[in-house]
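Single-structure report; data block below.
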Amino acid sequence: MKAVFISDAHLRQSTDERYSQFVQFLADLGDGKVRALVDAQEVGREKTPIDDLYILGDLFDFWFCSKDHIHPEFQRLIHALVALQKTGVRIHLCEGNHDFFMKEYFHDVLGMEVFEEWADIKLDKLRMLVAHGDTADRSNRTYMMFRKILRSRPFYNIQRVIPASVRWTLAGITSNASKQMSDDNCDFL
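Under our numbering, the first residue of the sequence shown carries the number 3, and numbering increases by one thereafter.
Spelled out as structure tokens, the structure:
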């Protein structure tokens, strides 16, 4: 069994170069063009297909879509994921600290596996725990409380009534603030 693990793409604008590179990466996975990354011993083979793609959080810089409405900026990426899935690759998503409430669309509509916290997986004979990692430091009570509020059903219901354009703007502001806090913490560390 061959699997690829990725995280923290933080995709936001479909016009960003990184967004296009990621969409191309998904197409390359579907075409088996990642042989050097997947199995260096099989470099001579023309194609090396993978069985599973694990996206371990923060695929999106923020996510607030529903079963019925996908923000236009995400549609190209969604189409690329569906195209990859149609090649037989199983796609598993772990929610990150920038993208949550994903199950409603990715599992219920697209049939992809979604785990909110972590998953205990087995690849061949290797058993491992996979997660985004934002809860590794459970002593950060402020973050853990903020995370709990953002993932609560009341917050979900409130954000659903806010117009998408306003949510998009607010999400961009909070994402930029979060990145600034992370940069400040890196300086501290």
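Ideal placement from N, C-alpha and C gives every residue a C-beta, glycine not left out.
Small disclaimer: the values here were computed from a predicted structure and weren't measured.
Going by C-alpha to C-alpha distance, which of the options sits closest to residue i?
i: valine 91; options: Ser167, Ala11 and Asp33; result: Asp33
i: histidine 134; options: Ser9, Ala5 and Ser16; result: Ser9
i: tyrosine 158; options: Leu112, Trp120, Lys105 and Lys124; result: Lys105
i: aspartate 112; options: Asp122, Asp139, His94 and Asn99; result: The residue you asked about is not aspartate; residue 112 is leucine in the sequence shown. When only C-alpha atoms are compared, the closest one is His94.
i: phenylalanine 7; options: Leu152, Phe27 and Ser154; result: Phe27
i: glycine 174; options: Thr17, Trp65 and Ser154; result: Trp65
i: cysteine 96; options: Phe76, Leu86, Asp136 and Lys69; result: Asp136
i: histidine 71; options: Thr171, Arg153 and Arg162; result: Arg162
i: aspartate 30; options: Thr89, Val116 and Trp170; result: Thr89
i: isoleucine 151; options: Gln77, Phe103 and Cys67; result: Phe103
i: alanine 82; options: Phe117, Val25, Tyr107 and Pro156; result: Val25
i: glutamate 119; options: Glu19, Leu172, Gln23 and Arg153; result: Arg153
DSSP on residue i, reduced to helix/strand/coil?
i: leucine 58; result: strand
i: aspartate 122; result: strand
i: methionine 130; result: strand
i: histidine 94; result: strand
i: alanine 5; result: strand
i: leucine 112; result: coil
i: phenylalanine 157; result: helix
i: phenylalanine 64; result: coil
i: phenylalanine 117; result: strand
Quick check: is the beta carbon of residue i nearer than 8 Å to any beta carbon in chain C?
i: asparagine 99; result: Any reference to chain C falls outside this structure, which holds one protein chain only.
Go through its chain and collect everything with a Cβ distance to residue i's Cβ below 7 Å, but skip five positions before and after it.
i: alanine 166; result: His73
i: aspartate 110; result: Lys69
i: serine 16; result: Glu75 and Arg78
Quick one: what's got a C-beta closer than 6 Å to residue i's C-beta in the same chain, skipping five residues either side?
i: alanine 121; result: Val132
i: glycine 98; result: Gly59, Asp60 and His134
i: threonine 176; result: none
Please work out which residues of its chain come closer than 8 Å, Cβ to Cβ, to residue i, disregarding the five sequence neighbours upstream and downstream, and give them in chain order.
i: alanine 5; result: Ile52, Asp53, Asp54, Leu55, Tyr56 and Leu125
i: methionine 3; result: Asp53, Asp54, Leu125 and Asp126
i: arginine 169; result: Phe66 and Gln161
Report the CB separation of residue i from residue j in whole angstroms; it is logged as a contact under 8 Å.
i: phenylalanine 62; j: histidine 100; result: 6 Å
i: leucine 79; j: leucine 13; result: 6 Å
i: cysteine 67; j: tyrosine 107; result: 6 Å
i: methionine 146; j: arginine 155; result: Contact flag wrong, Cβ pair sits at about 18 Å.
i: methionine 130; j: isoleucine 123; result: 6 Å
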